[in-house]
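In our numbering, the protein residues as written are 6 to 102.
Right, dumping it as structure tokens:
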């Protein structure tokens, strides 16, 4: 599995123009464009809308979780998280074992 990183939300959107990932891991708190905005962009893009999104964030309040799920985020993990939990989530969302 290849990993592509972005320095902020706008860079993530630029990367997504050139690459169609198997899964997107997002934080909420990013400069210039937050994770909610990136997730919304993905869900409104014809080429990306089916891409699974896992949001990983320190914002564990129900308000943030509900907003993410309303946008279409598939999984919402709070920090700190267990590595096994993240790997199992990636496997489940991508269908890879």
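We put the CB at the ideal spot given by N, CA and C, even for glycine.
By the C-beta density criterion, residue 36 is exposed, having fewer than 16 other C-beta atoms within 10 angstroms. In the three-state reduction of the DSSP assignment, residue 34 falls in the coil class. In terms of CA proximity to residue 39, 69 leads the group 69, 25, 24, 101. The C-alpha of residue 51 lies about 31 Å from the C-alpha of residue 84. Cα atoms of residue 27 and residue 96: separation of roughly 10 Å, rounded to the nearest angstrom.
As for any alpha helix (DSSP H) of minimum length 4 sitting wholly inside the stretch 18 to 89, the runs are 40 to 49, 67 to 76, ordered along the chain. Between the beta-carbon of residue 61 and that of residue 44 there is about 12 Å, and that puts the pair past the 8 Å contact cut. Judged by DSSP in its simplified three-state form, residue 101 adopts coil rather than helix or strand.
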